[in-house]
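> Take a look at this one; I'll ask things after.
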Amino acid sequence: MGDVNFNGLIDRFAQQIYQSRKGRLRMHLIDALYRQYLPEAEMASMRVLDAGGGLGQMSHWFLTRGSSVDYFDISSAMVQTVATDFAESIAQGRLSVAECSITEAAYPPVYDLVNAHALLEWLEDPYDALATLMQSVKPGGYLGLMVYNKHLLMLRHLMRGTLKRAMSGDLGGDRGGLTPISPLDPTEVGDFLSAGGFQILCQAGVRTFSDLAEKTVLEWYDETDQFAAELALCEQRPYCDLGRYVLFIARRSS
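Using UniProt numbering, the first residue of the sequence shown is number 1, and each one after it goes up by one.
In structure tokens:
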């Protein structure tokens with residue numbers, strides 16, 4: 001069946017994921033947690049791999065902190081957008097851009113940080129890809145990994161009346177949509193990281209109550225207050241296992 005390519009969905013992807021209130025909340029939480037757990041003083045000297053980097057939001061985050069970034073994505077449309085939007089950084093030698101899949105990528109273990117957000121769930125073999133990403137982190141380096149949460153997806157099916165679908169275990173979305181084909185169990189992901197020699201510094205739910213509440217309820221909330229509540233809850237159990245996404249920040253043993 002193959003991995004998912006967003007060439008035909010780039011406009012919808014940008015509008016629904018990045019330009020919405022949910023998208024802003026996601027980026028605010030990532031920003032806060034990265035600043036808390038990554039060594040700010042070392043960012044300017046970091047070499048970063050942005051795997052499946054989409055429209056380059058995280059590449060931009062690292063570039064603004066002085067890091068050098070190697071970006072790749074399977075979508076030619078997204079790669080072209082990033083190449084255009086970040087032409088100055090490319091000309092300065094601070095950003096490289098490549099069109100390839102994670103299975104084609106051959107990046108050596110030289111990276112201070114490997115960043116992979118909302119990538120694995122779009123792959124047929126997510127753990128094979130995760131192993132590849134982990135091998136690209138140099139000893140003592142960091143992995144920033146965000147995955148689509150299988151538990152939250154199952155809970156939403158149960159809440160919306162699709163009980164048989166929820167209990168079947170077949171939770172993957174259809175191609176052409178924005179529900180991933182391989183949602184992941186955060187406990188299994190954490191165990192895989194630990195078994196591979198990574199210490200988990202942070203496990204956080206990204207959008208916990210915000211993706212369960214009714215739209216009318218969310219409209220009552222000030223966006224700043226909503227973010228503050230999400231940030232306060234995101235690392236606490238059970239909320240860290242109930243986000244739409246689960247963010248891991250892990251460090252490879254030296």
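Quick reminder that beta carbons are idealized off the backbone N, C-alpha and C, glycines included.
So, at 7 Å on beta carbons, what are the nonlocal neighbours of residue 208 in its own chain, with the 5 sequence-adjacent residues on each side left out?
Within the same chain, residue 208 has close Cβ partners 230, 233, 234, 239, 242, 243.
> Near residue 163, which residues of its chain fall below 6 Å by C-beta distance, leaving aside the five closest residues on each side in sequence?
Closer than 6 Å at Cβ, skipping near neighbours: no residue.
> According to DSSP, what are the bridge partners of residue 234?
Note: residue 234 sits in no beta bridge, so no partner.
> Please confirm whether residue 49 and residue 114 have their CB atoms less than 8 Å apart.
Contact: yes.
> Can you tell me where the alpha helix (DSSP H) holding residue 62 begins and where it ends?
Taken as a continuous stretch (DSSP letters only), the alpha helix (DSSP H) holding residue 62 covers 57-63.
> If you scan the stretch 54-142 from start to end, which runs of the alpha helix (DSSP H) of 4 or more residues do you find wholly inside it?
Entirely contained in the stretch 54-142, the alpha helix (DSSP H) runs reaching 4 residues are, in chain order, 57-63, 76-85, 87-91, 126-135.
> Does the stretch 115-127 come close enough to the stretch 152-171 that 3 or more CB-CB pairs lie under 8 Å?
No, the stretch 152-171 is not in contact with the stretch 115-127.
> Taking 6 Å as the limit between beta carbons, can you name the residues of its chain near residue 46, skipping five residues before and five after?
So the qualifying residues of the chain are 67, 112, 113.
> Skipping 5 residues on each side, what residues in its chain have a beta carbon closer than 7 Å to that of residue 237?
Correct list: empty, nothing qualifies.
> What distance in whole Å lies between the Cβ atoms of residue 54 and residue 73, which are believed to be in contact at a cut-off of 8 Å?
Right, their Cβ atoms sit about 6 Å apart.
> So, under 8 Å CB-CB, residue 221 and residue 147 are touching, yes? Tell me the CB distance rounded to an integer number of Å.
About 26 Å; that fails the 8 Å criterion.
> Quick one, are the C-beta atoms of residue 203 and residue 186 less than 8 Å apart?
Yes, the pair counts as a contact, with Cβ atoms nearer than the cut-off.
> Considering only the alpha carbon of each residue, which of 215, 205, 105, 149 lies closest to residue 179?
When only C-alpha atoms are compared, the closest one is 149.
> In whole angstroms, what separates the C-alpha of residue 248 from that of residue 172?
When rounded, the distance between both Cα atoms is 21 Å.
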